[in-house]
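Asker:
2 protein chains.
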Amino acid sequence: MEYFPAALEKLVEQFARLPGIGGKSAQRLAFHVLSLSEEDAKEFADAILDAKRTVTCCPICRNLTDGGVCSICASNKRDASVICVVADPRDVVAIERAREFSGRYHVLHGVISPMNHVGPDDLEIKPLVERVSRGGVEEVIMATNPDTEGEATAMYIARLLRPFGVRVTRLAYGIPVGGHLEFADDATLMRALEGRRDI
Amino acid sequence: MEYFPAALEKLVEQFARLPGIGGKSAQRLAFHVLSLSEEDAKEFADAILDAKRTVTCCPICRNLTDGGVCSICASNKRDASVICVVADPRDVVAIERAREFSGRYHVLHGVISPMNHVGPDDLEIKPLVERVSRGGVEEVIMATNPDTEGEATAMYIARLLRPFGVRVTRLAYGIPVGGHLEFADDATLMRALEGRRDI
Numbered sequence: 001m002e003y004f005p006a007a008l009e010k011l012v013e014q015f016a017r018l019p020g021i022g023g024k025s026a027q028r029l030a031f032h033v034l035s036l037s038e039e040d041a042k043e044f045a046d047a048i049l050d051a052k053r054t055v056t057c058c059p060i061c062r063n064l065t066d067g068g069v070c071s072i073c074a075s076n077k078r079d080a081s082v083i084c085v086v087a088d089p090r091d092v093v094a095i096e097r098a099r100e101f102s103g104r105y106h107v108l109h110g111v112i113s114p115m116n117h118v119g120p121d122d123l124e125i126k127p128l129v130e131r132v133s134r135g136g137v138e139e140v141i142m143a144t145n146p147d148t149e150g151e152a153t154a155m156y157i158a159r160l161l162r163p164f165g166v167r168v169t170r171l172a173y174g175i176p177v178g179g180h181l182e183f184a185d186d187a188t189l190m191r192a193l194e195g196r197r198d199i
Numbered sequence: 200m201e202y203f204p205a206a207l208e209k210l211v212e213q214f215a216r217l218p219g220i221g222g223k224s225a226q227r228l229a230f231h232v233l234s235l236s237e238e239d240a241k242e243f244a245d246a247i248l249d250a251k252r253t254v255t256c257c258p259i260c261r262n263l264t265d266g267g268v269c270s271i272c273a274s275n276k277r278d279a280s281v282i283c284v285v286a287d288p289r290d291v292v293a294i295e296r297a298r299e300f301s302g303r304y305h306v307l308h309g310v311i312s313p314m315n316h317v318g319p320d321d322l323e324i325k326p327l328v329e330r331v332s333r334g335g336v337e338e339v340i341m342a343t344n345p346d347t348e349g350e351a352t353a354m355y356i357a358r359l360l361r362p363f364g365v366r367v368t369r370l371a372y373g374i375p376v377g378g379h380l381e382f383a384d385d386a387t388l389m390r391a392l393e394g395r396r397d398i
């Protein structure tokens, strides 16, 4: 049974396809769009098309960019001898927010995950190896997530980069700042003990 | 600080304006759009524009329609002598789902709410009074929500319709089917006792 006009039903369907949006939320969002002014609705639709059309990957680091080389790769203030490898463009934002890292990035756009049929060839690993092979890189920091897949991806890439003689490092594991020992899981505590440092 | 390409930031902003969508969710949705194929993104954008362009209000009952008179007002199987007045097009869907009502509807598109600066003139009350004044209507069922504003709106309209001599009724209050007496609030229990019926 269909109670809403077809165009509205279609919009509800489109919203319902988005991740984390259920049927009721999709309906609420579609009604919100109807309540927008003509210009606001057009602006929303244009934002979707513009993002899809203009956002591309940086030819060097594969991070998202408006076209051409990204601002980090283009900046001569960023140390080109250190590359931080992350799985996702959002991870670049997270690391930039910490204001600690002054090197460059490489975005893999995923991690190796046999369960989800993602192999090394589905990721931006080849461009990374080529970057390192061209020389000038001294350290590659593997900053994939500390889960099984992120770990496996880091190990896989570390092995690939071994012939080039660059230093390959991994983010430190340990108790998160502001966390409680009481609530830390066993694996984290073990790693925190393993990685203990002199004061 | 801006880390994402401008077009992506703009899309995140657009999503963040939607009701119930926070910053993190907006980011997730925007990234999902980037992962769509060119055609799927276009389909999404078109759905927004189409819904906004083609969905209008039925000239008779003010319910949403694809244009022209809505299917319920156009159907001669629906009893034109009974009008069910609801606040929102979604309420029409809810009542239709119950498959109990065979009359027609009138959608107010809101309720009188001085707190939100919504007065009677901001609602579709005048078209309802005109419908009733043209005759042929025997009963008007006030099916606004059972809260203060819904109640006040129902009372306001009932008073407006009194001169036309139609029967104005209100949905029954009581314990919801499948509910528990234990969890019913005092007001509901009071109304359920007041409205008790012979078995």
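Which chain is which? The protein sequence lines are A and B, in order. At position 151 of the first sequence (counting the first as 1) the number is 151 in the working numbering, and the numbers step up by one without a gap. At position 35 of the second sequence (counting the first as 1) the number is 234 in the working numbering, and the numbers step up by one without a gap. We put the CB at the ideal spot given by N, CA and C, even for glycine.
(1) Which partner residues does E338 (chain B) have in the DSSP bridge list?
(2) Compare the C-alpha of V85 (chain A) against each of A:D121, A:H109 and A:A30 and name the closest.
(3) Determine contact between the region 216 to 229 of chain B and the region 271 to 291 of chain B, defined as no fewer than three beta-carbon pairs at a distance below 8 Å.
(4) Please state whether DSSP places L18 (chain A) in a helix, a strand or coil.
(5) Of the residues that make up the region 22 to 42 of chain A, which ones have a beta carbon closer than 8 Å to any beta carbon in chain E?
(6) Can you list, in chain order, the residues of its chain with a C-beta nearer than 8 Å to that of T169 (chain A)? Leave out the 5 residues immediately preceding and following it.
(7) Does DSSP put T253 (chain B) in a helix, in a strand, or in coil?
(8) Which first and last residues belong to the beta strand (DSSP E) in which G267 (chain B) is found?
(9) Following the continuous beta strand (DSSP E) through H32 (chain A), name the residue where it begins and the one where it ends.
(10) Just by C-beta distance, which residues in the region 252 to 269 of chain B are closer than 7 Å to chain A?
(11) Does any residue of chain B bring its CB to less than 8 Å from the CB of R104 (chain A)?
(12) What are the start and end residues of each continuous alpha helix (DSSP H) run of 4 or more residues lying completely inside the region 304 to 340 of chain B, in chain order?
(13) Along the region 202 to 223 of chain B, what residues have a CB closer than 7 Å to any CB found in chain A?
(14) Going by CA-CA distance only, name the one from A:R97, A:V92 and A:R104 that's closest to V82 (chain A).
(15) Roughly how many angstroms separate the alpha carbons of L380 (chain B) and T352 (chain B), rounded to a whole number?
(16) Does the Cβ-Cβ distance between I200 (chain A) and Y173 (chain A) come in under 8 Å?
Answerer: The relevant details are as follows:
(1) Locating residue 338 (chain B) in the second sequence gives position 139, where the first residue counts as 1. DSSP, once it has assigned bridges, lists B:V281 and B:R366 as partnering E338 (chain B).
(2) As a first step, residue 85 (chain A) must be located in the first sequence, where it is residue number 85. For V85 (chain A), the closest of A:D121, A:H109 and A:A30 by C-alpha to C-alpha distance is A:H109.
(3) Too few Cβ pairs lie closer than 8 Å, so no.
(4) On the first sequence, position 18 is the one that residue 18 (chain A) refers to. Reduced to three states, the DSSP call for L18 (chain A) is coil.
(5) This model lacks chain E altogether; the protein chains it does include are A and B.
(6) For the purposes of this step, residue 169 (chain A) is identified with residue 169 of the first sequence, where counting begins at 1. The residues E139, V140, I141 and M142, in chain order, have a CB closer than 8 Å to that of T169 (chain A) in the same chain once the five nearest residues on each side in sequence are set aside.
(7) Mapped onto the second sequence, residue 253 (chain B) falls at position 54. Assignment of T253 (chain B) by DSSP, reduced to helix, strand and coil, places it in the helix class.
(8) Along the second sequence, one-based indexing puts residue 267 (chain B) at 68. For G267 (chain B), there is no enclosing beta strand (DSSP E), since its DSSP letter is neither H nor E.
(9) Looking up residue 32 (chain A) in the first sequence gives position 32. Segment G23 to S35 is the alpha helix (DSSP H) holding H32 (chain A); no beta strand (DSSP E) there.
(10) Residues T253, V254, L263, T264 and D265.
(11) Here residue 104 (chain A) corresponds to residue number 104 of the first sequence, with the count starting at 1. Residue contact check for R104 (chain A) against chain B: no CB pair falls below 8 Å.
(12) Given a length threshold of 4 residues, each whole run of the alpha helix (DSSP H) inside the region 304 to 340 of chain B is given here in chain order: 324 to 332.
(13) Within the region 202 to 223 of chain B, the residues whose Cβ lies closer than 7 Å to some Cβ of chain A are Y202, F203, P204, A205, A206, L207, K209, L210, Q213, L217, P218 and G219, listed in chain order.
(14) Stepping through the first sequence from its first residue, residue 82 (chain A) is reached at position 82. Nearest neighbour of V82 (chain A) by Cα position, chosen from A:R97, A:V92 and A:R104, turns out to be A:R104.
(15) By one-based count along the second sequence, residue 380 (chain B) stands at place 181. By one-based count along the second sequence, residue 352 (chain B) stands at place 153. Rounded to the nearest angstrom, the two C-alpha atoms are 28 Å apart.
(16) Chain A is shown from 1 up to 199; residue 200 (chain A) falls before or after that span and cannot be answered.
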